[in-house]
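See below for the structure under consideration.
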Amino acid sequence: MSAETLPIISNTHQPTELTEEEANRYDRQMRLWGIEAQQRIRNATILVVRLKGVATEAIKNLVLAGIGRLVIVDGETVSEEDLGAGFFFRDDDVGKNRVDAAKAKIEALNPLVAVETVPRSSVLEDNDELESLVKSIDLVCVTDWDRDNMIRLNDICRRFNKPFYAGGTYGLLGYIFCDLIDHVHLSSDRTQTKESTKTLTKVSYPPLQTALCYRWNGLSRRQTKEVNPAIIFTILALWQYQSLHGGHLPNDAAEAAELETLANALLSGADVHRQVLTSIPKDIIDSLAITASHEFSPVCAIVGGLLAQDIIKAMAGRDPPIANFFTFDGNYIIFISPKHVTVVNSSKNLRGHMRQEPKMSLCLVPYRFYNKVAITYPVGLKFVFIMDSYDCIVVGSGHAGSCAALSAIDSGCKKVLLIDKCPQSWCGGNGYFTAGAHRTAHGGLNDLMSILYDPLSPDEASRIDIEPYTCSDFETDVMRLSQGKSDPALVESLVRDSRDAIQWLAKRVGQRFCLSFHRQAYEIDGRMKFWGGMALSIENGGKGLIDTHQRALQKAGVIICFNTPVTFILMDGDVVTGVRVEKDGVQLEIGAPNVILAAGGFEANAELRAQYLGKNWERARVRGTPYNTGDGFKLVRSIGAKLCGDWAGCHSTAWDANAEPNAGRRDLTNQFTKSGYPLGIMINALGKRFVDEGEDYRNYTYAKFGRAILSQPGGYAFQIWDSQVTDRLRKEEYGDGVVEKIFADSIETLADELLEKGLQARKEFISTVNEFNKAVYCNRSENPTSLWDPAIKDGLSTQSSALQLSLPKSNWALPLDKPQFMAVKVACGITFTFGGVAIDPETAGVISERTGKPIRGLFCTGEMVGGLFYNNYPGGSGLTAGAVFGRKAGRAAGGNLNTVV
390 MSAETLPIIS
400 NTHQPTELTE
410 EEANRYDRQM
420 RLWGIEAQQR
430 IRNATILVVR
440 LKGVATEAIK
450 NLVLAGIGRL
460 VIVDGETVSE
470 EDLGAGFFFR
480 DDDVGKNRVD
490 AAKAKIEALN
500 PLVAVETVPR
510 SSVLEDNDEL
520 ESLVKSIDLV
530 CVTDWDRDNM
540 IRLNDICRRF
550 NKPFYAGGTY
560 GLLGYIFCDL
570 IDHVHLSSDR
580 TQTKESTKTL
590 TKVSYPPLQT
600 ALCYRWNGLS
610 RRQTKEVNPA
620 IIFTILALWQ
630 YQSLHGGHLP
640 NDAAEAAELE
650 TLANALLSGA
660 DVHRQVLTSI
670 PKDIIDSLAI
680 TASHEFSPVC
690 AIVGGLLAQD
700 IIKAMAGRDP
710 PIANFFTFDG
720 NYIIFISPKH
730 VTVVNSSKNL
740 RGHMRQEPKM
750 SLCLVPYRFY
760 NKVAITYPVG
770 LKFVFIMDSY
780 DCIVVGSGHA
790 GSCAALSAID
800 SGCKKVLLID
810 KCPQSWCGGN
820 GYFTAGAHRT
830 AHGGLNDLMS
840 ILYDPLSPDE
850 ASRIDIEPYT
860 CSDFETDVMR
870 LSQGKSDPAL
880 VESLVRDSRD
890 AIQWLAKRVG
900 QRFCLSFHRQ
910 AYEIDGRMKF
920 WGGMALSIEN
930 GGKGLIDTHQ
940 RALQKAGVII
950 CFNTPVTFIL
960 MDGDVVTGVR
970 VEKDGVQLEI
980 GAPNVILAAG
990 GFEANAELRA
1000 QYLGKNWERA
1010 RVRGTPYNTG
1020 DGFKLVRSIG
1030 AKLCGDWAGC
1040 HSTAWDANAE
1050 PNAGRRDLTN
1060 QFTKSGYPLG
1070 IMINALGKRF
1080 VDEGEDYRNY
1090 TYAKFGRAIL
1100 SQPGGYAFQI
1110 WDSQVTDRLR
1120 KEEYGDGVVE
1130 KIFADSIETL
1140 ADELLEKGLQ
1150 ARKEFISTVN
1160 EFNKAVYCNR
1170 SENPTSLWDP
1180 AIKDGLSTQS
1190 SALQLSLPKS
1200 NWALPLDKPQ
1210 FMAVKVACGI
1220 TFTFGGVAID
1230 PETAGVISER
1240 TGKPIRGLFC
1250 TGEMVGGLFY
1260 NNYPGGSGLT
1270 AGAVFGRKAG
1280 RAAGGNLNTV
1290 V
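Under the numbering used here, residues 390 to 1290 are what the sequence shown spells out, in order.
Below, the structure written as structure tokens:
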């Protein structure tokens, strides 16, 4: 293709030939880039937005180069700070409009250039006015503007096929970005001789928003190193800082920490080669925190000059422009030490006022004044903007949050957003790791039949014994296990609405309830006898529970967003207006008149466990999700919500000592639980029993025995059985491949085996078992007709008139004397914490510490609720409470929606 076919940037007016005066004035530069290129420059109209230091330097060079027409928009007035880097500003310009003050001086540089000014910022805020202005020019150049406005203007330019440039400085750093859309320029063929004809090259440029989506993992280590991403991501962090702080830049050393966090989050999220750069150098951040809001004339001169040079290249079409970022690091030639940066009075202006300038000291380093980024692909990080508001936002994807979201939909909220900080692969919170057990008041088997997903046949039903479990029974159990500390109003609300919530889960949500034969029943004389007041669970446990919730949420139209932690609850006075979230390192604000918190407790936070639960709790193993780290409590504290409940208490169980410490396994979920202790005994490392294994039904003791295990030497213990009961241990907990089982043909041999697993006192271990056996036989001799029955409190114990142990086993005591013997090593597995947020028992509204009344638009459910459980809890109550208060929160959100003005 010949040079004659080179397309020029479109002009809004008819191209004209150069006059003799122009030819004489531009003779020297025409020798550099040619007559045709000068004609393109002469016929171009350039729009410059914002007249700061970089813009004045760029305009100076563009005007001297002979552009045809210049339009400048800026509604701001000249400040004293503008005098330092603003080429066209003088002392007597302070207080004048910038463009008005500069116009005559610009025209004096080159009277052949037509200069037009728009001294109104409103044109930049009105898209219609801005579009009308963009239509009339050939190229747009914006300087020292914030990211979001640059993206907006870039989008307008693209709609009208106008090339776009942006540039600016932050202290000693500077940047240039260009989007030339589809740009054609002459380039040399490096495979040919210098005398060869140049060829045309077409390059497609991405817009700024696309450029910010670049993933750096496509670059090699060498390419990444050549680009030097530290400066780019520092500038991107400044843009993000501006977005979070109303357009303001950092101006204090104290703001360095936030800036560093933003920069490193952006760096990490962009998959930058970690062998090249793992974090932004702290000296860059520290310097920028105190210099970013200041302009330095040498930096503005360099960046502005290079900006003008590249614009001329683009208009001339003779050489390749940048592609598509350029960064400048003035620290290579000027070093500003944070400890030396002070504001000093350096001179007086014409009004007698002291002019303030930053003090600079030179650094003796090799001369290298810029780092050019030459990548033809988009560079940067993906920014996600949620341009919407919702009727209700639910925080947490577990059982309670899912119930709340569905209830909100049922109650009139048409747009519901459910967000969670976890990735989708960890969806479901702790609910996923449960056995799916639900405790509810009921009238016996006939009452429960309507809830079951697969109906029982008459023959099956005739062989099942399930006693009624009344509201009084349920309420008594909660209050008994909490030693009367639970909030009576919360307990009454939970119990009263439990049966209706279970029915709703089955019919509205589609949960597949079944009778919990394996966990809650024993076969005695051919009949399945249920015990402990609980009979229902979900098919496939927690996995089935969450899978069904996800299907129901999708069907209901609930929008779900993972990897999105909430960082702040937005308020207007005492009223909730939405949340601030972090998405891919970017802070976003999402509006909603209702926010329901279902973000779990702090059980996965070792530091908070040690702080609130006490000594050794950092050693507890996390049974469920690793994402319940107490973030929800930080949110409510910041807005004055009332906290209450048992902050020193938690649900913790006997857990496989070999399990991973920091999270449960999603393939095994609840199978690391070891709840077979009522059928045997537990012995610590010193060979001693430490709990009454038969104190109560397992439902009423398992949630507190984890704490007892943790308090033992080493934080572990051994569960022991003989062959009389091992076939009754639940296969999902004690099956082959699930747990390490230690077998022996005698107690002595078992003790030898356990020495390798942490037993420290062999003789004491053997003595404890023998003493236990002796006590059981003494009880039997006094009660020869009593039968062992694990489905009831059978009274078979270690206590008799002849012998009483200091620590009894009150029920289900069998002698350990039938080989083979089996042992399993257990530790403490923490499920959830009991301390939480105070709520209204009927609406689940979060209570204000200041007013004692619900905070309008803020609700809470699930493990975040405080005041319901203390010390211990009846098994299956947690999932039921999540459903009950989740439904209440959703209903209240729908009601609140109808009252929002």
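C-beta atoms are modelled at their ideal positions from N, C-alpha and C, and glycine is treated no differently.
Just so you know, these numbers come straight off a predicted model, no measurement behind them.
No Cβ-Cβ contact shorter than 9 Å links Pro670 with Gly719. Distance between Phe476 and His634, taken at the CA atoms: about 29 Å. Taking a contact as a CB-CB distance under 8 Å, the pair Thr1220 and His1040 counts as one, their CB atoms being some 4 Å apart.
Sorting Gly1083, Lys874 and Leu997 by C-alpha distance to the C-alpha of Gly1069 places Gly1083 at the top. With distances taken between CA atoms, Leu569 lies nearest to Phe714 out of Leu453, Phe714 and Lys485. Listed in chain order, the non-local C-beta contacts of Ala1281 below 7 Å within the same chain comprise Thr1232, Ala1233, Gly1234 and Phe1248, local neighbours out to five positions each way being set aside. Rounded to whole angstroms, the separation of the alpha carbons of Cys781 and Ser1027 is 20 Å. Judged by pairs of C-beta atoms under 8 Å, the stretch 1252-1266 touches the stretch 1092-1104, as three or more such pairs exist.
Cβ contact annotation for Leu1176 (same chain, cutoff 6 Å, sequence separation greater than five): none. Inclusion of Ala705 and Ala503 in the CB contact set at 9 Å is not warranted, their separation being larger than that value.
Beyond the five residues adjoining it in sequence on each side, Ala652 comes within less than 7 Å, by CB distance, of Phe622, Thr623, Ala626, Ile669 and Ile674 in the same chain, given in chain order.
Cα atoms of Pro552 and Val1273: separation of roughly 58 Å, rounded to the nearest angstrom. Counting along the chain, Glu912 sits inside the beta strand (DSSP E) bounded by residues Ala910 to Ile913. 9 Å or more divides the Cβ of Leu522 from the Cβ of Leu440.
Within the same chain, Ala1227, Ile1236 and Glu1238 come within 6 Å of Lys1031 by CB-CB distance, once the 5 residues on both sides are set aside.
Each residue's CA atom was taken as its position, placing Met1211 and Asp1111 some 6 Å apart.
Separation of Ala981 and Gly1279 (C-alpha to C-alpha, rounded to the nearest whole angstrom) is 14 Å. About 3 Å separates the beta carbons of Ile927 and Gly825, which is inside the 8 Å limit, making them a contact pair. Cβ neighbours of Ala995 within its own chain (closer than 7 Å, five residues either side excluded): Glu1007.
In the same chain as Glu1171, and ignoring 5 residues on each side of it, the C-beta atoms closer than 6 Å to its own belong to Ser1189, in chain order.
In the three-state DSSP reduction, Ala1043 falls in the strand class (E or B).
For Asn835, the three-state secondary structure derived from DSSP is helix.
If the five residues before and after Asp876 are omitted, its C-beta is found closer than 6 Å to the C-beta atoms of Gly1256, all from its own chain and listed in chain order. Selection Leu894, His831 and Lys896 evaluated against Glu864 yields His831 as nearest (Cα-Cα). Judged by DSSP secondary structure, Glu505 falls within the beta strand (DSSP E) whose first and last residues are Ala503 to Val507. Of the candidates Tyr564, Ile935 and Asp862, the residue whose Cα lies closest to the Cα of Ala555 is Tyr564. Secondary structure within the stretch 1031-1095: the beta strand (DSSP E) runs of 3 or more consecutive residues, fully enclosed, are 1039-1045 and 1070-1073 (chain order). Beta-bridge partners of Ala1133 (DSSP): Phe1210.
Val947 is not a Cβ neighbour of Val965, given a cutoff of 9 Å. Contact between the stretch 1013-1025 and the stretch 1052-1070 is present: three or more C-beta pairs spanning the two stretches fall below 8 Å. Between Gly990 and Thr1250 a beta carbon distance of about 13 Å is seen, past the 8 Å cut, so the two are scored as non-contacting. For Ile853, the closest alpha carbon among the candidates Asp517, Asp471, Arg487 and Leu837 is that of Leu837. Per DSSP, the beta bridge partners of Ser1237 are Ala1030.
Cβ contact annotation for Asp866 (same chain, cutoff 6 Å, sequence separation greater than five): Pro1263, in chain order.
For Gly1224, same chain residues with a beta-carbon under 6 Å away, outside a window of 5 residues either side, are Gly1034, Asp1035, Trp1036 and Gly1255 in chain order.
C-alpha of Asp533 to C-alpha of Ile430: approximately 24 Å in a straight line.
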